[in-house]
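Residue numbers (the working numbering): 31 to 168.
By construction, the Cβ of each residue, glycine as well, lies at the ideal position given by its N, Cα and C atoms.
These numbers were taken from a predicted model, which means no experiment stands behind them.
First the structure, in the form of structure tokens, and then the observations on it.
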Amino acid sequence: MPKLTTPEGFEFDGSPEEVIEIYRKLIGSEEDMTKAIEAALDRLPIPDGQKDLYRALYHAGDKGLPQNALVNEMRRSAAELAGVLGALGNRINRTPSMPGKPGVLLLFEITQINGVYHYKLRPEFYQILKSRNYPWLR
């Protein structure tokens, strides 16, 4: 179950939907959410694994991808996907201006359907990627 740690050190456990709802209230406006995503995205150069993850989910659009299709699109194993997500969570949570520690839920909607994880870009992150038009996103 996902966990959110607030800047004051309080921890909240809940479903991905509950955690991000609390985070949205903690962070404030949609503009603040966009700033938090941009701060995490711009903190360091984006590694290839994260680029592959963003590209696969960007092209999947509103439907997102189940984990097996995601690893195929990324040309990685499930264990490698776990490593990419872990590194990305650290990137987000260690961003100095980040309120709380939302981990990858800042960028993705993650649900479980029939025991299979399903990943989709959050609308704010999709719009940021679209506006930046990265060459590696094509």
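What span of residues does the beta strand (DSSP E) with residue i cover, start to end?
i	result
residue 140	138-143
residue 134	Residue 134 -> no beta strand (DSSP E), and no H or E assigned at all.
residue 150	146-151
Look at the alpha carbon of residue i and the alpha carbon of residue j, and state the distance between them as a whole number of angstroms.
i	j	result
residue 70	residue 154	13 angstroms
residue 114	residue 62	25 angstroms
residue 41	residue 121	19 angstroms
residue 166	residue 105	15 angstroms
Please say whether residue j and residue i have beta carbons closer to each other than 7 angstroms?
i	j	result
residue 164	residue 87	no
residue 143	residue 67	no
residue 101	residue 90	no
residue 123	residue 116	no
Can you tell me where the alpha helix (DSSP H) holding residue i begins and where it ends?
i	result
residue 74	That residue, residue 74, is in no alpha helix (DSSP H); it is neither H nor E in DSSP.
residue 93	Premise fails: residue 93 is in no alpha helix (DSSP H) and is neither H nor E.
residue 120	108-123
Check the DSSP bridge columns for residue i and list the partner residues they point to.
i	result
residue 68	Answer by DSSP bridge pairing: none, since residue 68 is not bridged.
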